[in-house]
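Chains as they are written, first to last, in my numbering: chain A, 1 to 297; chain B, 1001 to 1297; chain C, 2001 to 2297; chain D, 3001 to 3297.
There are 4 protein chains.
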Amino acid sequence: MDHTEQRKKLRVALAGSKCVSATSVFDPLSARVAEAVGFEIGMLSGSLASITTLAAPDLNVLTLTEYADQIRRIMRVSGLSLFIDADNGYGNALNVMRTVQEVEHAGVSALSIEDMVLPRSFGQAEGEQRLVSIEEAVGKLRAAVAGRSDPSLVIAARTSALVVEGVDGAVARAKAYSMAGVDAIYLATNVAGVNVYSRPDILEQFKAVNAAAKLPLMLNAGRSLLKREDLTACGVRIMAQGLQPVAASVKALRETYMHLFSGGAPADLKSKIASPQEMEQLVNADSYKQWLHEYMR
Amino acid sequence: MDHTEQRKKLRVALAGSKCVSATSVFDPLSARVAEAVGFEIGMLSGSLASITTLAAPDLNVLTLTEYADQIRRIMRVSGLSLFIDADNGYGNALNVMRTVQEVEHAGVSALSIEDMVLPRSFGQAEGEQRLVSIEEAVGKLRAAVAGRSDPSLVIAARTSALVVEGVDGAVARAKAYSMAGVDAIYLATNVAGVNVYSRPDILEQFKAVNAAAKLPLMLNAGRSLLKREDLTACGVRIMAQGLQPVAASVKALRETYMHLFSGGAPADLKSKIASPQEMEQLVNADSYKQWLHEYMR
Amino acid sequence: MDHTEQRKKLRVALAGSKCVSATSVFDPLSARVAEAVGFEIGMLSGSLASITTLAAPDLNVLTLTEYADQIRRIMRVSGLSLFIDADNGYGNALNVMRTVQEVEHAGVSALSIEDMVLPRSFGQAEGEQRLVSIEEAVGKLRAAVAGRSDPSLVIAARTSALVVEGVDGAVARAKAYSMAGVDAIYLATNVAGVNVYSRPDILEQFKAVNAAAKLPLMLNAGRSLLKREDLTACGVRIMAQGLQPVAASVKALRETYMHLFSGGAPADLKSKIASPQEMEQLVNADSYKQWLHEYMR
Amino acid sequence: MDHTEQRKKLRVALAGSKCVSATSVFDPLSARVAEAVGFEIGMLSGSLASITTLAAPDLNVLTLTEYADQIRRIMRVSGLSLFIDADNGYGNALNVMRTVQEVEHAGVSALSIEDMVLPRSFGQAEGEQRLVSIEEAVGKLRAAVAGRSDPSLVIAARTSALVVEGVDGAVARAKAYSMAGVDAIYLATNVAGVNVYSRPDILEQFKAVNAAAKLPLMLNAGRSLLKREDLTACGVRIMAQGLQPVAASVKALRETYMHLFSGGAPADLKSKIASPQEMEQLVNADSYKQWLHEYMR
């Protein structure tokens, strides 16, 4: 539970020579399960946080405070390093500073600030995407770096430039963002239906960005069919997995509720639910027993 | 989303002639799934709230504010009537009043206040259970009733007397609690390893309590093998189901994380996860699209 | 504490023939004092909420959730009708809907949504102010009206058009906003150093806006030297007072701390502090004593 | 804003040879003013937190979460070391552990856990006070020490023994509490109308406790007429001042609201309110201007 330690572990991953998966987690239990299975990095995107805490789609209606609350719930009990995508910092550079302060306090290990105009503008067409100017983005990233208290907190620049502007734009932005003092570049690979993984020279594009920024890259796995070692060679160090875990949870919930609603016996669910022992482990029951023993008799 | 409406629906169930199941829900998504499947009443016990929001066991370490926050998250988006067990009201009668005010504000449909001494006392043996005096419990229940703003909010007295004191104690308490103005009696059936369902005359005992209180009963299903119609005949109107849903979610999460951790392809999970369409439905995507259409162009 | 009742009282004031003062309140105690003195409407501007809950200037760094939390603290114990200025709704029309839902839930009686571009844009000059288009503003106001659950909640359109665009702009916007279904027009009178009260024909301008909108007006008192009856004749129904209360509190705090820091006797402060009786009244001590008496013996 | 630094400063005061005043602060602005005046330690008692965040009397209706939220608001912007009295830790030893974790996370510098039975028990007479057993209190204090993450966080044992049990009880408890690993003894001097300052040999009693515990003492100033140097000689290192600041704020608010309510001109308040310059200083306006300059153009 030492947040600095968790941040340093993430820095080790970024500085290493492998491409590590960050799996999506969304509440204390999912984080505990992911950790028990062996993951070292969790990812709570703004999208996933909206879905799970508000039952709302990825349309930027979650507030910074609500996001930080959920991060705090997770980091109170999780040993994972946690990566979040803090959208565009919820406003201008001053809002970015508050964002960094609030999510740092909540215990996050890494956050990204992105260069897309958010939330959706009045009159903006469905597929249309706009980026803020390089100057504005750099100002925000510099504000993010200045807003950090714990120097081990990782700050990444997330850019949609590869999708929206192409490789030249991405290279220019990555270079500028790098000079703002960030620790990594998080490349959006899929924006409003445009998916860069289908480009034949995508590995070259990743390489170009990596070379320009001289910083480790982070990507969303999306529907990438690329080989892990090829991505590693492009400087990709963190690969964020998708929303399968929450979708698996939803499917299991639906089947369980349907069984119970149709009058099925709870006992018949035995093979489909975690055992009492597993549940006890997840809630750290042994430590509580130990504390009762130590302090209450 | 009209909380008074949800409370009135619960009152209809209590006043009816059937025994309705309340299924356990713990966050916005689980509540949405339960509702989609057909349930009308959700149950968020203190135990379940501890497990899911703190990853902590059922040892009364969750605060009233944390509980109310989670209720609010659920009731912001759920059409279910929600029943919660508010432990002993987190202190004395003044704390009970605040408890009622806070959870009512959070949108709950029904809450119970129980007569067990909580949290565990210093030196209390594992199996030992103590109830507060009838007078103290009645004071707390009267405070609960007085603390309610919306008269449609259901207040139940939860008693462990049947387990701890036997049927005579339960009858005496049910009668006294009923006169405090509560709307239902919630009978604990399993306390510290003692399970009343194994008693041969348990139906008679339920009947005696129901007759004494002249109020509908609520029970936890536990491992009851009793027939629903027999329980209905004893005045049982709500049967709270167990923690299978969260345990099913945990199992699904573990399998998903294991698959991903061992390098399995996300695509292979397709049959085990909710479809994008189902996820969209759960987050009310159509309404959001409609609002974008209506107000942003 | 019935929020609908408080909203209806505010509607009575808006529908009346007088111009009523809304005094600034910022926490439970200030609201209690204002009510004890005789005020019926409190005003918690975003600016005042930033100052008092974050010790931050009026630069839009307060989140919606933080604002709603402070409103809730006040409305839990205050009988005042509370007016808030919810900035621009913290984003686009979807954010406006959430804003209305959250502050309505927190108990507010009235809120305004404004047409200024917020927060400050990158590169925006100090004195420069931009308004969103009429179409965008109307979309947001329609979303606000649609987001309301309690029809008694007052929704006002706040416009800086009189300052930024002049009377013609203000008339055009007031007319359009009125058709969006809002209940009042809140005219900004002082934006970035430009103060409309110095205009010789300002009463005519107010009258023109009022006639166009056919809605009651709300103003900030600012340094207006206009007579109350003249404003009333222009349709002004609510006049928001300034930040004197919090500034008076700060001065009293400084003098008290200085006295104590320099070793002065606490007893010497007697004439400068509220009496124990007044403090007891503010915290509703008599009711608590009554509850202790009723429910705890 | 480095909480460890603030804790270490408090430890320096405890280890020193002077008796330092801790002045009561209750929100971000009061903390900022106290710091500007020269205070180094602030005190937010549970009582003061109840009054200011709930407008409720000192009857233990504030939740741990609400208390921690207010601490966080203060410590986000204050350079003071902050001392809080965390009542009895809101339950048993497990609740004490959570209390320590939550208030430590919120940024507090020191907290005390007390040995009084709280909240008031059913049937408890007005003047009656009960302490938990030494064993139970020691268990809670050991749990508090174990619950701490930052070793610089100060944990004090607060005891009402001097009032309730006399000097022998206080000595015995102080000795036992000291062995539990706490950093200071906070002696209650006034409980339910009994005030130890009127005892002729009170200095001897303080000395005896200090000698038994071999730990620095903390006291509430109350209506003590004792000389500071005499208290210092008894090992008293921190003297908590009373509620004069909030009472001064209330008086100033009342006078201001009365002036405004009776139609007085705001301008006439000039000599009674903080200047715009002072308000700007309190909200750190210069830093914000600097950030706008640095990151937004």
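Think of the CB as a built atom: it goes at the ideal place given N, C-alpha and C, for glycine as much as any other residue.
As the structure is a computational prediction, the values presented were derived from the model and not from experiment.
Please state if the CB of A/A55 and the CB of B/R1032 are separated by a distance shorter than 8 Å.
Yes; because the gap between Cβ atoms is below 8 Å, this pair is in contact.
Considering only the alpha carbon of each residue, which of A/S262, A/K272 and A/G264 lies closest to B/S1252?
One point to set straight first is that residue 1252 of chain B is Ala, not Ser, in the sequence displayed. Of A/S262, A/K272 and A/G264, the residue nearest in Cα terms is A/K272.
Of the residues B/S1024, B/E1165, B/D1115 and B/G1042, which one's Cα is nearest the Cα of B/L1010?
Checked all of B/S1024, B/E1165, B/D1115 and B/G1042; the closest Cα to B/L1010 is B/G1042.
Contacts around D/Y3257, its chain only, beta-carbon distance under 6 Å, and the 5 residues preceding and following it disregarded:
Same-chain partners within the cutoff: there are none.
C/A2248 to D/A3248, Cα distance in whole Å?
Distance between the alpha carbons of C/A2248 and D/A3248: 10 Å.
Consult DSSP for B/F1083 and reduce its assignment to one of helix, strand or coil.
B/F1083 falls in the strand class under three-state DSSP.
Whose C-alpha, out of C/A2221, C/P2119, C/A2144 and C/Q2101, is nearest the C-alpha of D/A3265?
Closest by alpha carbon: C/A2221.
Check whether the Cβ atoms of B/S1112 and B/Q1006 lie closer than 8 Å to each other.
B/S1112 is not a Cβ neighbour of B/Q1006, given a cutoff of 8 Å.
Confirm, please, whether the CB-CB distance from D/S3160 to D/D3201 is below 8 Å.
Taking 8 Å as the Cβ cut-off, D/D3201 and D/S3160 do not qualify as a contacting pair.
Selection of the region 1036 to 1062 of chain B by Cβ proximity to chain A, strictly under 9 Å:
Close to chain A, meaning a Cβ-Cβ distance shorter than 9 Å, are the following residues of the region 1036 to 1062 of chain B: A1036, V1037, G1038, F1039, S1050, I1051, T1052, T1053, L1054, A1055, A1056, P1057, D1058, L1059 and V1061.
Reference D/V3372; option with closest CA among D/V3194, D/S3149, D/E3126 and D/Y3067:
Given a span of 3001 to 3297 for chain D in the structure shown, any question on residue 3372 of chain D remains unanswerable.
What residue ranges within the region 3204 to 3251 of chain D form continuous alpha helix (DSSP H) runs of no fewer than 4 residues, ordered along the chain?
Fully enclosed alpha helix (DSSP H) runs of 4 or longer: 3228 to 3233.
Return the residue from the list D/E3255, D/E3278, D/S3121 and D/A3146 that minimises the CA-CA distance to D/S3030.
Nearest option by C-alpha distance: D/E3278.
Does the beta carbon of B/T1065 sit closer than 8 Å to a beta carbon anywhere in chain D?
Chain D contact via Cβ: present.
Quick one: grab the DSSP three-state call for B/I1074.
Annotated three-state conformation of B/I1074 is helix, per DSSP.
Tell me A/T23's beta-bridge partners as DSSP assigns them.
A/G42, per the DSSP bridge assignment.
How big is the Cα-Cα spacing for C/E2136 and C/G2046?
In a straight line, the C-alpha of C/E2136 is about 21 Å away from that of C/G2046.
Taking 8 Å as the CB-CB limit, is C/S2121 close to chain A?
Cβ-Cβ to chain A under 8 Å: yes for C/S2121.
Rounded to whole angstroms, what is the Cα-Cα separation between D/A3086 and D/T3099?
So the two alpha carbons sit approximately 8 Å from each other.
Sort B/E1126, B/P1216, B/G1242 and B/A1172 by Cα distance to B/S1224 and report the nearest one.
If we check each option's Cα against that of B/S1224, B/G1242 comes out closest.
What are the boundary residues of the alpha helix (DSSP H) that includes A/Y295?
Element bounds for A/Y295: A285 to Y295.
Opposing strand residues paired with D/E3114 [DSSP bridges]:
Answer is D/R3158, bridged to D/E3114.
Please report the Cβ distance between A/A180 and A/V138, rounded to the nearest whole angstrom; I am assuming they are in contact, meaning their Cβ atoms lie under 8 Å.
Contact flag correct, Cβ pair sits at about 5 Å.
Going by the CB atoms, is the gap between C/F2206 and C/L2215 shorter than 8 Å?
Using a Cβ distance threshold of 8 Å, C/L2215 and C/F2206 do not count as a contacting pair.
Give me the residue from A/T232, A/K140, A/K227 and A/K175 with the minimum Cα distance to A/L14.
Nearest C-alpha to A/L14: A/T232.
Near-chain F residues of the region 3274 to 3295 of chain D - C-beta to any C-beta below 8 Å:
Protein chains in the displayed structure are A, B, C and D, and chain F is not among them.
For C/Y2288 and D/P3057, which I take to be in contact (beta-carbon distance under 8 Å), what is that distance rounded to the nearest angstrom?
C/Y2288 to D/P3057, Cβ: 5 Å. Contact.
From what residue to what residue does the beta strand (DSSP E) around C/L2187 run?
Residue range A2184 to L2187 is occupied by the beta strand (DSSP E) that includes C/L2187.
Can you find a C-beta in chain D that's less than 8 Å from the C-beta of A/M116?
The Cβ of A/M116 sits no closer than 8 Å to any Cβ of chain D.
Quick one: what does DSSP say C/L2059 is sitting in, helix, strand or coil?
C/L2059 carries a coil assignment under DSSP once its states are collapsed to helix, strand and coil.
Look at the alpha carbon of C/T2023 and the alpha carbon of D/S3262, and state the distance between them as a whole number of angstroms.
Those two C-alpha atoms are separated by around 12 Å.
Determine which residues of the region 1137 to 1167 of chain B have a Cβ less than 8 Å from any Cβ of chain C, and write them out in chain order.
Within the region 1137 to 1167 of chain B, the residues whose Cβ lies closer than 8 Å to some Cβ of chain C are G1139, K1140, R1142, A1143, A1146 and S1149, listed in chain order.
Chain-ordered chain C contacts of D/F3261 [CB-CB under 9 Å]:
Chain C residues near D/F3261: S2021, T2023, A2034, V2037, G2038 and F2039.
From the DSSP output, in three-state form, read off A/V103 for me.
A/V103: helix per DSSP, three-state reduction.
Let's test the definition: count the other Cβ atoms within 10 Å of the Cβ of A/S133 and tell me whether it reaches 16, buried, or not, exposed.
Here A/S133 is exposed, its C-beta having fewer than 16 other C-beta atoms within 10 Å.
Taking 8 Å as the threshold, find out whether the region 2142 to 2153 of chain C comes into contact with the region 2121 to 2129 of chain C through three or more Cβ pairs.
These segments do not touch.
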